[in-house]
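Residue numbers for the sequence shown follow the numbering used here, so the first one is 369 and each next one is one higher.
All remarks here apply to the structure that follows.
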Amino acid sequence: MSSVIESLERAQLRRVPNFQAGDRLRVHFQVIEGTRKRTQVFEGVVIKRQGHGARETFTVRKQSFGVGVERTFPVHSPKIEKIDVAARGDVRRAKLYYLRDRVGKRARVRERRYTGPEERVEAGLLHDPAAQLEAEAAAEPEAVDAEGAVAEEVVAEAVEAESQAAGTEGVPPGGTAAESEAVKAPSGEQP
Numbered sequence: 369m370s371s372v373i374e375s376l377e378r379a380q381l382r383r384v385p386n387f388q389a390g391d392r393l394r395v396h397f398q399v400i401e402g403t404r405k406r407t408q409v410f411e412g413v414v415i416k417r418q419g420h421g422a423r424e425t426f427t428v429r430k431q432s433f434g435v436g437v438e439r440t441f442p443v444h445s446p447k448i449e450k451i452d453v454a455a456r457g458d459v460r461r462a463k464l465y466y467l468r469d470r471v472g473k474r475a476r477v478r479e480r481r482y483t484g485p486e487e488r489v490e491a492g493l494l495h496d497p498a499a500q501l502e503a504e505a506a507a508e509p510e511a512v513d514a515e516g517a518v519a520e521e522v523v524a525e526a527v528e529a530e531s532q533a534a535g536t537e538g539v540p541p542g543g544t545a546a547e548s549e550a551v552k553a554p555s556g557e558q559p
């Protein structure tokens, strides 16, 4: 595949929790009805996960009023606000198509006893260029001159030296000497 296409797809990848077939998920996704947007939650068992990269999809199945409902979502879709893993399933297959033929208690998936510590996944892009630039800017050292003084210190010293040379020590920038004396005088005295 072309490196240009790969880089474009890499920019679209989002952070998602680790899940596989058999896990019970709560998928929060945006639904647009006319001019209004709302978040709808679809909770069910993952029966398959297929594809890779930006084209990866997963299918979630649930029972709704005795009728099986399946919905396929793109993993990295911007319309998916959040994916919560409600339970980890104890299955030995990658595709759980056999659940379609089962009804009632037989359609359940056993829950895994211990899955280890859960990792916290925050929403957002996997490769966010803006966040990457901010991190690089924070990691860069500040500008330092030959003596080791930081740029802000040099500017502050220059302003101070300029005010002393003009004979207006302690005058705020843009103020006059009379204003600064009025500020220095006690409240009961007049200059």
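Where is the CB? At the ideal position from N, CA and C, for every residue including glycine.
ask   = Can you list, in chain order, the residues of its chain whose CB lies under 7 Å from that of H560, leaving out five sequence neighbours each side?
value = The shown model of the chain, from 369 to 559, leaves out residue 560, and the question about it has no answer.
task = Report the residue from G390, F387, F410 whose alpha carbon sits nearest the alpha carbon of F397.
result = Distance from the Cα of F397 is smallest, within the candidate group G390, F387, F410, for F410.
Strand pairing of R392, partner residues [DSSP] = According to DSSP, which records beta bridges pairwise, R392 is partnered with V413, A455.
inquiry  = Let me confirm a value: G472 is counted as buried when at least 16 other C-beta atoms fall within 10 Å, else exposed. Which label applies?
reply    = The residue in question, G472, is exposed, as its Cβ has fewer than 16 Cβ neighbours within 10 Å.
Own chain partners of V489 with C-beta closer than 6 Å, once the 5 adjacent residues on each side are dropped = Excluding positions up to five away in sequence, the list reads R383, P385.
task = List the DSSP bridge partners of S445.
result = Its beta-bridge partners do not exist; DSSP assigns none.
request  = Have a look at V453, R476, A455 and flag the residue whose alpha-carbon is nearest the alpha-carbon of L464.
outcome  = Residue R476 holds the alpha-carbon nearest to the alpha-carbon of L464 among V453, R476, A455.
ask   = Closest to G421 by CA distance: which of E525, T403, L376 is it?
value = Here the closest residue by C-alpha is L376.
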